[in-house]
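Written out below as structure tokens is the structure these notes cover.
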DNA sequence: TATTGTTATACTCTATAACTATA
DNA sequence: TATAGTTATAGAGTATAACAATA
């Protein structure tokens, strides 16, 4: 994932391909974890490229998307839903607030918590970003038919959802 | 992934569950990347738990597995096949060699390169580790039928393999 | 000139401990 | 006492630059 390289440095320094075709990877390819990780990295790679336009990392997009569809959500709920540890969310939230994309409002029932909401600017950004995300998903899975795509999501959910 | 916590510290410090059921995550669940990443993390979590017995991380297992099925493979080939940068592979290889699991032999055709091979101890370990990996894959995808499992791998490969 | 393997190093991500304010 | 949010910090993972030896 050459994130910084593509942003900061226009020069390509990373070594090129190298011979791979002769390597036998058949055993690893029998493992769901190996295939799921490679597929995730492939889609996520395109995701990062497209979202760089909005200066959003995946975690930023995920946080903003949950705030979009859950106005007033708290940091603790975000942490739980996205498996982020509370100390690591603080900087993410602060950065999004500093950019004027979200605002904090006192929680109506819990004086300790702050409800998170999109600003108008945040809403405008997310309308575009979510459309971009949906588009790139189709692009990243271009070799799959609509039915296959639906099957893939169904099977992936059966893997990670609790019984 | 509470790796170190479960190994070094018997005390549980990480905050507990928290309310999640009421959060609307339906949009994120339409994204292949989101689902593939969660599935990968789910399988990889069990993988780490089972492989801790052999003191192997995923990257260690992947490297050893490729050496197992490609005796004499070079570091550059491992880097290419597993998307590891050369400087980051050095420590991995050194650690496996220090544990007596692999050995380096001069490459027959290229004086710069070293061919990597399993030692007898490394071979014995990998017979067990690969069996453990295959078993836990079935366990981690326990809700999938054999046919579904095969379909899932086929669709994942269509996502990440080049056209 | 290009590639292999390596050292040094920096940045990002993730994890733990400890604190405060509130429940 | 337990939880929400925060600060400080440590560790793992991943990235770039630069070098010696060999092709």
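Chains as they are written, first to last, in my numbering: chain W, 1 to 163; chain Z, 1001 to 1163. Every residue gets a Cβ at the ideal spot worked out from N, C-alpha and C, and that includes glycine. As the structure is a computational prediction, the values presented were derived from the model and not from experiment.
- Residue-level contact by beta carbon holds for residue 1160 (chain Z) and chain W, with a gap shorter than 7 Å.
- Looking only at Z:1117, Z:1040 and Z:1052, the smallest Cα-Cα distance to residue 1073 (chain Z) is reached by Z:1117.
- Scanning Z:1109, Z:1063 and Z:1140 for the CA closest to the CA of residue 1091 (chain Z) turns up Z:1063.
- Here residue 1102 (chain Z) is bridged, per DSSP, to Z:1118.
- Taking a cut-off of 8 Å on C-beta distances, the stretch 1075 to 1095 of chain Z does not touch the stretch 1121 to 1137 of chain Z, as fewer than three cross pairs fall below it.
- Between residue 101 (chain W) and residue 115 (chain W), the gap from beta carbon to beta carbon reaches 7 Å or more.
- In this structure, the alpha-carbon of residue 1144 (chain Z) lies about 12 Å from that of residue 152 (chain W).
- The secondary-structure analysis by DSSP pairs residue 73 (chain W) across a beta bridge with W:116.
- When Cβ-Cβ separations below 7 Å define contact, residue 150 (chain W) makes no contact with chain Z.
- Excluding its 5 nearest sequence neighbours in each direction, residue 1068 (chain Z) has C-beta neighbours in its own chain below 7 Å: 1118 and 1126, listed in chain order.
- In this structure, residue 1039 (chain Z) keeps its C-beta atom at 7 Å or more from the C-beta atom of residue 23 (chain W).
- Close to chain W, meaning a Cβ-Cβ distance shorter than 9 Å, are the following residues of the stretch 1017 to 1041 of chain Z: 1017, 1018, 1019, 1020, 1022, 1023, 1024, 1025, 1026, 1027, 1028, 1029, 1030, 1031, 1032, 1033, 1034, 1035, 1036, 1037, 1038, 1039, 1040 and 1041.
- Every unbroken stretch of the alpha helix (DSSP H) spanning 4 or more residues and falling wholly within the stretch 1034 to 1101 of chain Z is given here in chain order: 1058 to 1069, 1075 to 1082 and 1086 to 1098.
- The straight-line gap separating the alpha-carbon atoms of residue 42 (chain W) and residue 1047 (chain Z) is approximately 21 Å.
- Annotation for residue 1157 (chain Z): the continuous alpha helix (DSSP H) segment containing it runs 1146 to 1160.
- DSSP, reduced to helix, strand and coil, places residue 123 (chain W) within a helical segment of the structure shown.
- With a threshold of 16 other beta carbon atoms within 10 Å, residue 94 (chain W) falls short and is exposed.
- Counting other Cβ atoms within 10 Å of its Cβ, residue 159 (chain W) reaches 16 or more and is therefore classed as buried.
- The three-state reading of DSSP puts residue 1138 (chain Z) in helix, counting H, G and I together.
- Assignment of residue 1030 (chain Z) by DSSP, reduced to helix, strand and coil, places it in the helix class.
- Between residue 31 (chain W) and residue 1065 (chain Z), the C-beta gap is not smaller than 7 Å, which leaves the two residues out of contact.
- Within chain Z, the C-beta atoms nearer than 7 Å to that of residue 157 (chain W) come from 1035, in chain order.
- Less than 7 Å divides the Cβ of residue 136 (chain W) from the Cβ of residue 50 (chain W).
- When 9 Å is used as the limit between beta carbons, residue 163 (chain W) is near these residues of chain Z: 1142 and 1143, in chain order.
- Residue 59 (chain W) and residue 89 (chain W) have their C-alpha atoms spaced approximately 9 Å apart.
- Shown here, residue 1128 (chain Z) sits in a helix according to DSSP, grouped into three states.
- Here residue 1149 (chain Z) has 1141 as same chain residues with Cβ atoms under 6 Å from its own Cβ, once five neighbours each way along the sequence are excluded.
- Inclusion of residue 1147 (chain Z) and residue 36 (chain W) in the CB contact set at 7 Å is not warranted, their separation being larger than that value.
- Each of W:71, W:83 and W:139 was checked against the Cα of residue 106 (chain W), and the nearest Cα belongs to W:71.
- A distance below 7 Å between beta-carbons, with the five flanking residues on each side excluded, links residue 44 (chain W) to the following residues of its chain, in chain order: 58.
- Its Cα nearest to that of residue 1054 (chain Z), the residue Z:1132 stands out among Z:1033, Z:1132 and Z:1103.
- Looking at Z:1096, Z:1103, Z:1112 and Z:1139, the one whose alpha-carbon comes closest to that of residue 1056 (chain Z) is Z:1096.
- Cβ neighbours of residue 1113 (chain Z) within its own chain (closer than 8 Å, five residues either side excluded): 1074, 1075, 1076 and 1107.
- Residue-level contact by beta carbon holds for residue 77 (chain W) and chain Z, with a gap shorter than 7 Å.
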